[in-house]
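Encoded as structure tokens, the structure appears first; notes follow it.
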Amino acid sequence: MPYFVYILKSLKDSGYYIGHTKNVERRLREHNLGRVKSTKCRRPFKLIYTEKFETKKEAFAKEMYLKSPEGYFEKLEIVKKFGA
2 MPYFVYILKS LKDSGYYIGH TKNVERRLRE HNLGRVKSTK CRRPFKLIYT EKFETKKEAF
62 AKEMYLKSPE GYFEKLEIVK KFGA
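Heads up: the sequence shown is residues 2 to 85, going by the numbering used here.
Set out below in structure tokens:
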């Protein structure tokens, strides 16, 4: 089963959240229901980006890359393209 990296945009503060999961729809629902501690106070969210990977290891590596200084410009491009 594939894994996905996803980016959410908070409709409350216009900030972004990056994560990885097997089930994007379920995970978005969890974020919007307040079941994720780190995003609970930033609800609601909309999904702006997903990227598919064959393994959890690959998805996690991409998530960490996008959260790192090295991945900043790629994240910025994704946000500019899809984050409106």
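Glycine included, C-beta positions come from ideal geometry on N, C-alpha and C.
Every value quoted in this text rests on a predicted model; they were computed, and no experiment measured them.
Residue i in three-state terms, based on DSSP
{"i": "lysine 10", "result": "strand"}
8 Å CB neighbourhood of residue i in its chain, flanking five on each side removed
{"i": "lysine 47", "result": "Leu9, Lys10 and Leu12"}
N- and C-terminal bounds of the beta strand (DSSP E) containing residue i
{"i": "glycine 20", "result": "17-22"}
Chain-order list of residues whose beta-carbon lies under 7 Å from that of residue i (same chain, five-residue window excluded)
{"i": "valine 80", "result": "Tyr17"}
Expected contact under 8 Å - CB spacing of residue i and residue j to nearest Å
{"i": "phenylalanine 61", "j": "phenylalanine 5", "result": "Contact doesn't hold; Cβ gap of about 11 Å is too wide."}
{"i": "arginine 28", "j": "glycine 20", "result": "7 Å"}
{"i": "glutamate 71", "j": "lysine 63", "result": "Not a contact, Cβ separation roughly 12 Å."}
*Jot down the residue ranges of each uninterrupted alpha helix (DSSP H) in the segment 31-79, minimum 4 residues, whole runs only, in chain order.*
Taken in chain order, the unbroken stretches of alpha helix (DSSP H) that lie wholly in the segment 31-79 and span 4 residues or more are 57-68.
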